[in-house]
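Just add 2 to the spot in the sequence shown (first one is 1) and you have our numbering.
Notes for the one structure printed next.
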Amino acid sequence: MHARKHASVCAAYPCCIKLFLQVLSADARIYLFRNFLSEAECDYIKNKATPRLARSGVVDAKTGKSKIDDIRTSSGMFFNRGEDPVIQTIERRIANLSMTPVYHGEGLQVLRYEAGQKYEAHWDYFFDEKNAARGANRYATMLTFLETVEEGGETVFTKMPTPDGRDNEGFSECAKHHLAVKPHKGDAVLFHSMKFNGEFEPRSLHGACPVIKGTKWSMPKWIHAKQYKMNDLYDLEAEEATKPKPTEPSAEEF
Numbered sequence: 003m004h005a006r007k008h009a010s011v012c013a014a015y016p017c018c019i020k021l022f023l024q025v026l027s028a029d030a031r032i033y034l035f036r037n038f039l040s041e042a043e044c045d046y047i048k049n050k051a052t053p054r055l056a057r058s059g060v061v062d063a064k065t066g067k068s069k070i071d072d073i074r075t076s077s078g079m080f081f082n083r084g085e086d087p088v089i090q091t092i093e094r095r096i097a098n099l100s101m102t103p104v105y106h107g108e109g110l111q112v113l114r115y116e117a118g119q120k121y122e123a124h125w126d127y128f129f130d131e132k133n134a135a136r137g138a139n140r141y142a143t144m145l146t147f148l149e150t151v152e153e154g155g156e157t158v159f160t161k162m163p164t165p166d167g168r169d170n171e172g173f174s175e176c177a178k179h180h181l182a183v184k185p186h187k188g189d190a191v192l193f194h195s196m197k198f199n200g201e202f203e204p205r206s207l208h209g210a211c212p213v214i215k216g217t218k219w220s221m222p223k224w225i226h227a228k229q230y231k232m233n234d235l236y237d238l239e240a241e242e243a244t245k246p247k248p249t250e251p252s253a254e255e256f
């Protein structure tokens, strides 16, 4: 595991924030950003999401439709992309750190896990043609923690070994034998479902360990390899970005 590196990112909301980057796996491209969101941003998102929470579903690998399954027992909701200025600021911060256009992302999702709730190991990558066709496939995920969990609730990468020298104290049994991240308010994990060459990255297999004590709040942002069309302001931005640029007249034309 690499030592932390320091970076500074200024955003319109709430102020200039300092990030600490920890490289969890350079080869698999898994990164941890400490202080990605401020406490105020985390609380704002939780409060705005709470009235809209409902039982979370999963994507059927054959049909591409959402269904209820006991492998995922959280409650969740989606924000519209660019729903308000705070959400726009967070989405642009994600775009900057993931080095992808903001219009490649889906809307932010918010998930709440109570004691005993979990999400078994899965890939964010789509294996059905319907969802993959909408914006190519999911290329990366930025998973942000909106609350610190007292015990359990780790994000665990089940195809990645435990890092050398890691002290397992404080990790739940679910997380002790693999690369895992404890949920800490404001931190975010960036990982990639696709390799640089466009192939599927199997090491992105991950799950949410059962919450043992406390409540877990997380916020995934799924980023696609191409524009993810949602008929909103970001699609207009994509149109502007892809318009042919006017060419400068050559010397021969004068």
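From the three backbone atoms N, C-alpha and C, an ideal C-beta is built for every residue, glycine too.
- Query: Do Thr143 and Trp219 have their CB atoms nearer than 7 Å?
  - Reply: For the purposes of this step, residue 143 is identified with residue 141 of the sequence shown, where counting begins at 1. For the purposes of this step, residue 219 is identified with residue 217 of the sequence shown, where counting begins at 1. No, they are not a contact pair.
- Query: Based on Cα-Cα distance, which residue from Leu26, Thr164, Tyr141, Ser76 lies nearest to Gly200?
  - Reply: Within the sequence shown, numbered from 1, the residue matching residue 200 stands at position 198. It is Tyr141 whose Cα lies nearest to the Cα of Gly200.
- Any idea if Ala9 is buried or exposed, counting beta-carbon neighbours within 10 angstroms, 16 or more meaning buried? What you label residue 9 is simply residue 7 of the sequence shown in a count that begins at 1. For Ala9, the predicted model reports a pLDDT of 45, less than 50, meaning its position is unreliable and no value from the coordinates is stated.
- Message: On a Cα-Cα basis, can you pick out the residue from Arg31, Phe22, Arg168, Lys48 that is closest to Phe147?
- Response: In the sequence shown, residue 147 corresponds to position 145, counting from 1. The shortest Cα separation from Phe147 among Arg31, Phe22, Arg168, Lys48 belongs to Lys48.
- Query: Among Thr91, Asp189, Thr102, Lys197, which residue has its Cα nearest to the Cα of Phe38?
  - Reply: Position 36 of the sequence shown, counted from the start, is the residue given in the question as residue 38. Looking at the Cα atoms, Asp189 is the closest of the given residues.
- Give a yes or no on contact between the region 190-199 and the region 124-132, applying the rule of three or more CB pairs nearer than 8 Å. yes
- Bounding residues of the beta strand (DSSP E) (the contiguous stretch that carries Ser100): Stepping through the sequence shown from its first residue, residue 100 is reached at position 98. Element bounds for Ser100: not the beta strand (DSSP E) but the alpha helix (DSSP H), 87-100.
- Query: What did DSSP end up calling Lys245 once you bin it into helix, strand or coil?
  - Reply: Working through the sequence shown from its first residue, we reach residue 245 at position 243. The answer is coil: DSSP assigns Lys245 none of H, G, I, E or B.
- Task: Could you pull out every residue in the same chain whose Cβ sits closer than 6 Å to the Cβ of Met3, ignoring the five residues on either side in sequence?
- Result: Here the question's residue 3 lines up with position 1 in the sequence shown. Low confidence applies to Met3: its pLDDT is 48, below 50, so where it sits in the model is not reliable, and the reading given next is rough at best. Here the set comprises Pro165.
- Item | Rounded straight-line distance, which links the Cα of Lys20 to that of Glu171 | Position 169 of the sequence shown holds residue 171. Position 18 of the sequence shown holds residue 20. Spanning the alpha carbons of Glu171 and Lys20 requires a straight line of approximately 28 Å.
- Give a yes or no on whether the C-beta atoms belonging to Phe159 and His180 are separated by under 7 Å. Residue 159 sits at position 157 when you count from the first residue of the sequence shown. Residue 180 sits at position 178 when you count from the first residue of the sequence shown. The answer is yes: Cβ separation under 7 Å.
- If you check the beta carbons only, do Met162 and Val112 fall under 7 Å apart? If you number the sequence shown from 1, residue 162 lands on position 160. If you number the sequence shown from 1, residue 112 lands on position 110. For Met162 and Val112, no; Cβs fall outside 7 Å.
- Would you mind listing the beta strand (DSSP E) stretches within the region 196-240 that are 3+ residues and don't spill past its ends, in chain order? Entirely contained in the region 196-240, the beta strand (DSSP E) runs reaching 3 residues are, in chain order, 208-210, 213-215, 218-226.
- Relative to the alpha-carbon of His186, which residue among Tyr46, Gly154, Leu235, Pro204 has its alpha-carbon at the smallest distance? For the purposes of this step, residue 186 is taken as residue 184 along the sequence shown, with counting starting at 1. Comparing Cα-Cα distances from His186 to each of Tyr46, Gly154, Leu235, Pro204, the minimum goes to Gly154.
- Query: Between which two residues does the alpha helix (DSSP H) containing Ala51 stretch?
  - Reply: Position 49 of the sequence shown, counted from the start, is the residue given in the question as residue 51. Here the alpha helix (DSSP H) through Ala51 covers 41-51.
- List the whole-angstrom C-beta distance separating Gly107 from Ile89, where the pair is believed to meet the contact cut-off of C-beta under 8 Å. As a working mapping, residue 107 is identified with position 105 in the sequence shown. As a working mapping, residue 89 is identified with position 87 in the sequence shown. About 11 Å separates the two Cβ atoms, so there is no contact after all.
- Message: Within the continuous beta strand (DSSP E) that includes Glu122, where are the two ends?
- Response: Taking the sequence shown and counting its residues from 1, the one referred to as residue 122 is at position 120. That run of the beta strand (DSSP E) goes 121-124.
- Message: For Val104 and Asp169, what's the separation of their Cα atoms in angstroms?
- Response: Working through the sequence shown from its first residue, we reach residue 104 at position 102. Working through the sequence shown from its first residue, we reach residue 169 at position 167. Distance between Val104 and Asp169, taken at the CA atoms: about 37 Å.
- Query: In chain order, what residues of the same chain have a beta carbon less than 6 Å from the beta carbon of Phe202, not counting five sequence neighbours either side?
  - Reply: Within the sequence shown, residue 202 is the residue found at index 200, counting from 1. Only Tyr127 meet the Cβ criterion.
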